[in-house]
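So the protein sequences, as listed, match chains G and V. When we follow full-length UniProt numbering, the leftmost residue of the first sequence carries the number 1, and every step to the right adds one. When we follow full-length UniProt numbering, the leftmost residue of the second sequence carries the number 1, and every step to the right adds one. C-beta: ideal position from N, C-alpha, C; glycine also. Model, not experiment: these values are computed from the prediction. To start, the structure under review is shown below, and the notes come after it.
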Amino acid sequence: MGAITLQNVRKSFGDVEVIPGVDLEINEGEFVVFVGPSGCGKSTLLRLIAGLEDVTSGRILIDGQDVTDAGPAKRGLAMVFQSYALYPHMSVRKNIAFPLKMAKMPEAEQKARVDRAAKILNLDSYLDRRPGQLSGGQRQRVAIGRAIVREPAAFLFDEPLSNLDAALRVNMRVEISDLHNKLKTTMIYVTHDQVEAMTMADKIVVLRAGRIEQVGSPLDLYNSPANRFVGGFIGSPNMNFIEGEAARRMGAHSIGVRPEHWRMSTTEGAFPGTVGVAEHLGSDTLLHVELDSGENVIARAEGEFPVHHGDKIWLTPQDGRVYKFREDGLAA
Amino acid sequence: MARAVSTQTKIGWTIAAWVVALLIFFPILYTVITSFKTEQEAIAGFDLIPSFTLQSYGEVQTQNDYIRPFTNSVIIAVGSTILALIVAIPAAWAMAFAPTKQTKNILMWMLSTKMMPAVAVLVPIYLIFLNTGLMDTRIGLVIILMLMNLPIVVWMLYTYFREIPGEILEAARMDGATLGQEIVHVLTPMAVPGIASTLLLNIILAWNEAFWTIQLTTTNAAPLSAFIASFSSPQGLFWAKLSAASTMAIAPILIMGWFSQKQLVRGLTFGAVK
Ligand SMILES: Nc1ncnc2c1ncn2[C@@H]1O[C@H](COP(=O)(O)OP(=O)(O)O)[C@@H](O)[C@H]1O
Ligand SMILES: [Mg+2]
Numbered sequence: 001m002g003a004i005t006l007q008n009v010r011k012s013f014g015d016v017e018v019i020p021g022v023d024l025e026i027n028e029g030e031f032v033v034f035v036g037p038s039g040c041g042k043s044t045l046l047r048l049i050a051g052l053e054d055v056t057s058g059r060i061l062i063d064g065q066d067v068t069d070a071g072p073a074k075r076g077l078a079m080v081f082q083s084y085a086l087y088p089h090m091s092v093r094k095n096i097a098f099p100l101k102m103a104k105m106p107e108a109e110q111k112a113r114v115d116r117a118a119k120i121l122n123l124d125s126y127l128d129r130r131p132g133q134l135s136g137g138q139r140q141r142v143a144i145g146r147a148i149v150r151e152p153a154a155f156l157f158d159e160p161l162s163n164l165d166a167a168l169r170v171n172m173r174v175e176i177s178d179l180h181n182k183l184k185t186t187m188i189y190v191t192h193d194q195v196e197a198m199t200m201a202d203k204i205v206v207l208r209a210g211r212i213e214q215v216g217s218p219l220d221l222y223n224s225p226a227n228r229f230v231g232g233f234i235g236s237p238n239m240n241f242i243e244g245e246a247a248r249r250m251g252a253h254s255i256g257v258r259p260e261h262w263r264m265s266t267t268e269g270a271f272p273g274t275v276g277v278a279e280h281l282g283s284d285t286l287l288h289v290e291l292d293s294g295e296n297v298i299a300r301a302e303g304e305f306p307v308h309h310g311d312k313i314w315l316t317p318q319d320g321r322v323y324k325f326r327e328d329g330l331a332a
Numbered sequence: 001m002a003r004a005v006s007t008q009t010k011i012g013w014t015i016a017a018w019v020v021a022l023l024i025f026f027p028i029l030y031t032v033i034t035s036f037k038t039e040q041e042a043i044a045g046f047d048l049i050p051s052f053t054l055q056s057y058g059e060v061q062t063q064n065d066y067i068r069p070f071t072n073s074v075i076i077a078v079g080s081t082i083l084a085l086i087v088a089i090p091a092a093w094a095m096a097f098a099p100t101k102q103t104k105n106i107l108m109w110m111l112s113t114k115m116m117p118a119v120a121v122l123v124p125i126y127l128i129f130l131n132t133g134l135m136d137t138r139i140g141l142v143i144i145l146m147l148m149n150l151p152i153v154v155w156m157l158y159t160y161f162r163e164i165p166g167e168i169l170e171a172a173r174m175d176g177a178t179l180g181q182e183i184v185h186v187l188t189p190m191a192v193p194g195i196a197s198t199l200l201l202n203i204i205l206a207w208n209e210a211f212w213t214i215q216l217t218t219t220n221a222a223p224l225s226a227f228i229a230s231f232s233s234p235q236g237l238f239w240a241k242l243s244a245a246s247t248m249a250i251a252p253i254l255i256m257g258w259f260s261q262k263q264l265v266r267g268l269t270f271g272a273v274k
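In C-alpha cells form, the structure reads like this:
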C-alpha cells in the first residue's frame, strides 16, 4: 500500500506552465521530501497527487491503479496543510473523527480510533476544546491526528512546520519522523527548508521551476550533486563556488567547495584571503573570508579556530572534496 | 499586550463615550417621551417629564390602523431580505471562491450604483411601476427594496465568504466528504454567522427605508415608514401623535435589534471582529 507513480505529469495554469513534465517513482513506505525554492511548484505537484488539482496531461498511479481522473476522496490519501485547515466549529474530537464519520464507520470504532490517535499525539486532554483554543503546535498535532485515523495509503504534508517557532519545529520534525517509523506508511513531505529535507527524508526530490533536478538519498545529494543548483541548495551553510583561473586549472568551468571541506591555515595554502566576520559558536567556527582573487567564501572549522576580523588566512580544499561543474551547470 | 491605561484616562474616555452615546440616542428618547405627552404639552416647549398619557396612541390607532402597515413592513422587510439573500449568496459565493479578473470590477460597479441618489431614478421606476401594475403593491416594494440593498448584501456576504479559508474545504474533500457533505458539515456552519448578520442588518435597512416606500405606495402596501409620514402632513403638525406613530414604528425593529446585538455588531463591522 502506498506506492505512487507519476508518468510525464504536466500542469499549466492558463498559459503558465508550472510543471513542465515530471516522472517519479515513490516506493511503498518511503519518506519522500520535495524540496526547492519557494514558487518552484512543490505544492502544485503535491496537490496533483492529492487530486485537488487536475493534471494537464500525464498519469498518476497509486498502487498500480490509475487515479488520474479520481477525485481526492477516492484516492485514499490524507493531507496535512500548512494552515492546519482544522474545522473551527468542531471540537478536537470531532475534527479527528471527521474522516471516519464521512466513511460511515460505527461510532464505537470511531471513538476507539480517535482515542488511540490522541494518545499517540498527546492530545488526550484537549479533545473537547475547539481548535481556536489550542497553540500552533497542538493544532498541528490535531491536523496530523485527523490524517492518521483513516490509515491512509499515504500522507501528504505541505510545509506543515512553517507556521511554528524554531524550537517547536525541531520537536515536531522528530515527532513526524517517529510517526513514520511507527506507521511505516508512505509520506510525501513538501518543504523549502533543506535541513528538514536532509534530516527526515529517505529520498529527496529537488525541484526547480517545476522540473526535477535530482532524486536521491540525502547523502547521495550531499556527496554527488548532479549539478550546481543541487550543490548549492543542499548543505548549510551553502556550498562556495569559485570560477575563473582556479577552476580552469582543475578542468572545470566552476568548482564548488563546502564550508566544512576547507583546510584552514594561518601560514600557507591554495587560496589566500582575509577574514571578514568570524562567528565563534563554540562547537564550530564560521569564517567569512574574502579571497585575494575576489570571491567571498564561508569556511567552517570544528571547535575553536583562533582567528579574528582582518587576519590573513589560507584555505585549501580537502582531497576529493572539490565538486567540478561545467559551463551549463552539470557536474563535470 | 494591552498597554497600561491610567485610571484618569479611562474615566475620561468613559464619560466621553457616554456623552456621545446620549447625544446620538437623545432624539429617539425625546420622541418616546413626547409620545406620552398631550398635544398641548408637546408644543409647550422642552420638557423631559411627560404626563404619561396614552391619548396619542389611542388617536393614532383610531385614525390610521396600525396592524396593516405593520404587517406590510414585516412582509416587505423580510421578503426583500430573503429574496436578496437568494440572489446574493450564489453570487458572493462564486466571487469569493472562484474569482476572475473582473470580480473586483463587478463588485466596485455594484457599489457604485449606491453612490447615485435614489431620486435620480425615481421617474423611470415610477413609470415602470405604473405600467406594470406594481404601484402600491407589496410585491413591488419587495422587488425594489431587494434591488436597492442587493449591492450591500453581496458585499457583506462576499467579505464573509472570503474569510472561509479554501484549504478547509479542500481538507474536507481530502477527508472523503462528498460535495453534499462538504456543504452540510463544513460550509454551512461556517457561513451561517455571516449570513445571519447580513440578514439582520438588511431587515433593519429595509424596515427603515422611507424614500421608495413613500413614493411608491398610497394605502394598500404602505409600511410603517409611510405610516409615520402620514402623520406629518395633512392637518398641520401634531407632535405627540407623530411621536407616538414613530415610536410604534421603530419599537419592533428596536426590540429585534436588542435581542440580536451580538450578530449585528459582527454584521456592522463586516466580519472584522473574529
Ligand atoms: N491556482 C493557481 N493559479 C495560477 N498560478 C498558480 C496557482 N497555484 C500556483 N500557481 C503558480 O505556480 C507556481 C508554483 O506554485 P507552488 O506550487 O505553490 O510553489 P511552491 O509550493 O513550491 O512554493 C507559482 O509560480 C504560482 O504562482
Ligand atoms: Mg507551497
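Report task. State yes or no: is the C-beta of T198/V nearer than 7 Å to some heavy atom of ligand 1? Result -> In this structure, ligand 1 has no non-hydrogen atom nearer than 7 Å to the beta-carbon of T198/V.
Report task. Starting from the C-beta of E25/G, find all residues in its chain whose C-beta is less than 7 Å away, skip the five residues before and the five after it, and write them out in chain order. Result -> Once the five neighbours on either side are set aside, the close Cβ partners of E25/G are T5.
Query raised in the report: Residues of chain A with CB under 7 Å from A50/G, in chain order?
Result: In the displayed structure, chain A is absent; the protein chains listed are G and V.
Requested in this report: Confirm the yes/no value for this check: CB of K101/G, any heavy atom of ligand 2, distance under 7 Å.
Outcome: Because no heavy atom of ligand 2 lies under 7 Å away, the Cβ of K101/G does not count as near it: no.
Query - ligand 2 heavy atom lying under 7 Å from the CB of K42/G - result: The answer is yes for K42/G.
Query raised in the report: Taking C-beta to C-beta, are R139/G and L86/G nearer than 8 Å?
Result: Yes, Cβ-Cβ distance for R139/G and L86/G is below 8 Å.
Query raised in the report: Under a CB-based cut-off of 8 Å, is E163/V close to chain G?
Result: For E163/V, the answer is no, since every Cβ of chain G falls outside 8 Å of its Cβ.
Query raised in the report: Looking at the structure shown, is Y87/G part of a helix, part of a strand, or coil, going by DSSP?
Result: Here DSSP, grouped into helix, strand and coil, assigns Y87/G to coil.
Requested in this report: Kindly indicate which three-state DSSP category F36/V falls into: helix, strand or coil?
Outcome: Coil at F36/V, not helix or strand.
Query raised in the report: Since M95/V is in the alpha helix (DSSP H), which residue starts that stretch and which ends it?
Result: Where M95/V is concerned, the enclosing alpha helix (DSSP H) starts and stops at 67 to 97.
**Report entry** For G145/G and A117/G, the rounded distance between their alpha carbons
**Finding:** Straight through space, the alpha carbons of G145/G and A117/G are spaced by roughly 6 Å.
Requested in this report: Would you mind working out which of E295/G, T266/G, H309/G, N223/G sits nearest V275/G, comparing C-alpha positions?
Outcome: Among E295/G, T266/G, H309/G, N223/G, the Cα nearest to that of V275/G belongs to H309/G.
Query raised in the report: Beta carbon of E159/G: closer than 7 Å to some heavy atom of ligand 2?
Result: Taking 7 Å as the cut-off, the C-beta of E159/G counts as close to a heavy atom of ligand 2.
Query raised in the report: From the beta carbon of V32/V, is the nearest beta carbon of chain G less than 8 Å away?
Result: Chain G contact via Cβ: absent.
Query raised in the report: Using the C-alpha atoms, what's the distance from A3/G back to residue 341/G?
Result: With chain G running from 1 to 332 in the structure shown, residue 341/G is simply not present.
Report task. Compare the C-beta of S38/G against all C-beta atoms of chain V and say whether one is closer than 8 Å. Result -> Chain V contact via Cβ: absent.
**Report entry** Enclosing alpha helix (DSSP H) for I194/G [first to last residue]
**Finding:** Residue 194/G is actually Gln in this sequence, not Ile. In this chain, the alpha helix (DSSP H) harbouring Q194/G covers 194 to 200.
Query - Where G137/G falls: helix, strand or coil (DSSP) - result: It is helical.
Requested in this report: Under 6 Å Cβ to Cβ from G231/G, same chain only, skipping five residues before and after it: list those, please.
Outcome: Contacts found: P225, M239, G256, Y323.
Query raised in the report: For E109/G, does the count of other Cβ atoms within 10 angstroms reach 16, so buried, or fall short, so exposed?
Result: Residue burial is scored here from C-beta neighbours: E109/G has fewer than 16 other C-beta atoms within 10 angstroms and is therefore classed as exposed.
Query raised in the report: Is I26/G helix, strand or coil when you go by DSSP?
Result: The answer is strand: DSSP assigns I26/G an E or B state.
Query - Where P189/V sits in the DSSP three-state scheme - result: For P189/V, the three-state secondary structure derived from DSSP is helix.
Query raised in the report: Does the Cβ of V16/G lie closer than 7 Å to at least one heavy atom of ligand 1?
Result: At least one heavy atom of ligand 1 is nearer than 7 Å to the Cβ of V16/G, so yes.
Query raised in the report: By Cβ distance, which residues of its chain are closer than 7 Å to G71/G, with the 5 residues on each side in sequence left out?
Result: Once the five neighbours on either side are set aside, the close Cβ partners of G71/G are G51.
**Report entry** Residue-level contact to chain G via CB, I168/V, 8 Å cutoff
**Finding:** So yes, I168/V belongs to the interface.
Query raised in the report: Closer than 8 Å, CB to CB, is Q102/V near chain G or not?
Result: By this cut-off, Q102/V is not an interface position.
Query raised in the report: Is R10/G near G58/G, with beta carbons less than 8 Å apart?
Result: Taking the C-beta atoms as reference points, G58/G is found nearer than 8 Å to R10/G.
Query raised in the report: Taking 8 Å as the CB-CB limit, is P189/V close to chain G?
Result: Under the Cβ distance rule, P189/V counts among the residues neighbouring chain G, one pair being separated by less than 8 Å.
Report task. Confirm, please, whether the CB-CB distance from A120/V to I164/V is below 8 Å. Result -> No Cβ-Cβ contact shorter than 8 Å links I164/V with A120/V.
Query - Local conformation of R130/G per DSSP, three classes - result: Here R130/G carries a coil assignment [DSSP, helix/strand/coil].
Query - Local Cβ density within 10 Å of P90/V, reported as buried at 16 or more and exposed below that - result: By the neighbour-count rule (16 or more Cβ atoms within 10 Å), P90/V is not buried but exposed.
Requested in this report: Would you verify that the beta carbon of K262/V is, or is not, closer than 8 Å to some beta carbon of chain G?
Outcome: Among the residues facing chain G, K262/V is not included, as its CB has no counterpart in that chain under 8 Å away.
Query raised in the report: Relative to the C-alpha of E167/V, which residue among R47/G, G320/G, E290/G, G329/G is closest?
Result: The closest CA to that of E167/V, considering only R47/G, G320/G, E290/G, G329/G, is found on R47/G.
Report task. Ignore the nearest five residues each way along the sequence and tell me which others in M1/G's own chain have a CB closer than 7 Å to its CB. Result -> E28, D63, A153.
**Report entry** Residues that P99/G contacts on chain V, provided the C-beta gap is smaller than 7 Å
**Finding:** Result: D175, G176.
**Report entry** ligand 1 heavy atom lying under 7 Å from the CB of S12/G
**Finding:** Closer than 7 Å to some heavy atom of ligand 1: that does not describe the Cβ of S12/G.
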